[in-house]
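Novice: Here's a structure for you.
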Amino acid sequence: MSTVMNHLDLAAVQASEQEHQAALYAKRDIALVRGEGPYLYDSDGKRYLDAMSNYGVAVLGHADPEFAAALADQLATLATCHQSFFSDTRAAFLDELATIAPEGLAKSFLSNSGAEAVEAALKFARAATGRPRFVALKRGYHGRTLGALAVTADTKYRAPFEPLVPETVHVPFDDAAALDAAIDETVAAVILEPIQGEAGVFPASAESLAAARRLTRERGALLIADEIQTGFRTGAPWAIAGSGVVPDILVTAKALANGFPIGLTMVTEPVAGSLPSGAHGSTFGGNPLACRAGLVTLKALRDRGLYERSATLGTEIVEEIRGLGAAKVRAVRGRGLMIGVELKERVTPTLRALQERGVLVLPAGPVTFRLLPPLVWERQQVDELLAALRETLG
Ligand SMILES: Cc1ncc(COP(=O)(O)O)c(C=O)c1O
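Okay, so the sequence shown: first residue is 597 according to our numbering, each after it adds one.
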């Protein structure tokens with residue numbers, strides 16, 4: 597049992613967080629203190645079915661014994677090693693990554709979060725092209741550091757911090773003509789999510805991804821695929837692979853190390869070659885703990901057949917939610933274990949009702965709830981979800 601348990605009482609936990617934290621998050625009224633596989637437990641011992649994996653990170657579920665043992669072993673061996681030194685664990689992780697890297701994305705930069713991975717991608721695109729501007733998509737979400745925020749669309753995130761750094765234009769989603777009009781000789785890169793996550797789970801069409809690829813290539817700009825949310829959970833390592841499009845830069849984070857902080861920016865040889873030595877870096881990026889976490893996660897995803905399981909369970913969940921015929925539901929979208937359920941009303945009461953019933957899901961925009969469960973779900977968890985949805989959605 598952890599040594600921080602003097603805070604086990606919910607009121608004490610809430611008082612401490614509210615006193616000491618900037619009030620930037622709309623918090624739910626439970627404290628999560630423990631997890632086991634696909635379940636989470638609050639400070640009163642109530643069990644929740646985890647259908648969100650903490651915003652898409654805990655793909656192996658909670659307290660996975662193999663993952664915990666690997667991290668304990670790494671902690672007892674070497675936790676930190678700056679990138680100016682070689683590391684055996686980092687080398688092993690990079691070798692494993694190379695087995696799933698999209699064709700041609702042979703070089704990696706390691707950091708500690710999604711936003712950092714995006715920052716690196718934007719900087720690298722500028723360095724490689726010598727161009728200043730970016731094209732991003734309306735409703736797109738890429739993180740909240742100053743550069744990443746510039747390509748994130750929602751004014752709720754942007755307005756308090758303007759003016760933002762790079763000059764960015766946001767074009768409509770899935771609109772090849774708008775991309776055509778926006779990409780000129782000043783554009784360093786187009787950045788897009790293959791499936792928009794925060795916006796409400798909107799898969800981009802293969803045609804619009806192909807158009808983005810063709811137009812960027814024709815006009816000397818780069819294509820950046822943001823797979824921070826889509827990575828590893830759509831039935832394959834990368835969601836964009838299904839379209840046949842290969843980007844020049846791919847960023848991922850969240851699920852890559854099953855919840856241990858990590859960010860990854862994968863680039864082509866020419867992009868990597870354009871980066872002067874010492875031009876970018878990170879003290880923590882590529883540390884052996886994060887690399888060990890990533891290594892054990894990637895091996896588990898492959899060896900436990902979790903890509904295949906995500907694809908199968910995802911298809912079943914989408915069909916079965918549609919099959920409920922719930923009057924409140926407008927649409928069910930998604931791929932693998934990244935699913936959005938759009939309602940005909942605001943989503944907050946449904947989130948609350950599901951939480952009451954012991955199921956944790958996430959919002960995605962004002963009227964959609966999002967399922968990003970751990971990939972270790974089995975049929976039993978799907979049945980529990982369906983039972984809760986049947987009651988909650990009426
Ligand atoms: C598509 C996408 N890009 C970037 C980010 C930012 O990642 P982080 O919160 O790790 O900075 C997120 C986080 O939700 C995301 O979904």
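All residues carry an ideal CB built from backbone N, CA and C; glycine is no exception.
(1) Report yes if the C-beta of E715 is less than 6 Å from at least one heavy atom of ligand 1; otherwise report no.
(2) Mind the definition here: the segment 953-962 touches the segment 928-935 only if three or more C-beta pairs lie below 8 Å; say whether that holds.
(3) For L897 and T964, what's the separation of their Cα atoms in angstroms?
(4) Decide if the segment 862-873 is in contact with the segment 723-732; the criterion is three or more beta carbon pairs, one per stretch, under 8 Å apart.
(5) Taking just the CA atoms, how far does D899 sit from V765?
(6) Would you call E699 buried or exposed, if buried means 16 or more other Cβ atoms sit within 10 Å of its Cβ?
(7) Taking 7 Å as the cut-off, decide whether the C-beta atoms of R643 and Y635 are in contact.
(8) Pick helix, strand or coil for A711, following the three-state DSSP scheme.
(9) Assuming L690 is part of the alpha helix (DSSP H), what are its boundary residues?
(10) How would you write the range of the beta strand (DSSP E) that L628 sits in, first residue to last?
(11) Buried or exposed: R829, going by 16 or more other Cβ atoms within 10 Å of its Cβ?
(12) List the endpoints of the continuous alpha helix (DSSP H) containing Y903.
(13) Could you work out which residue in L706, N650, L967 and P661 is closest to G877 when comparing CA atoms only?
(14) Here's the rule: buried if 16 or more other CB atoms are within 10 angstroms of the residue's CB, otherwise exposed. What is Q792?
(15) Helix, strand or coil: which one does DSSP assign to T599?
(16) Identify every residue that forms a DSSP beta bridge with I791.
Specialist: In short, the structure shows the following:
(1) no
(2) no
(3) 28 Å
(4) yes
(5) 42 Å
(6) exposed
(7) yes
(8) helix
(9) D684 to A694
(10) L628 to E632
(11) buried
(12) L902 to L920
(13) L706
(14) buried
(15) Its pLDDT being 48, under 50, T599 is placed unreliably by the model, and the measurement read from it follows with that caveat. If DSSP states are grouped into helix, strand and coil, T599 belongs with coil.
(16) P799
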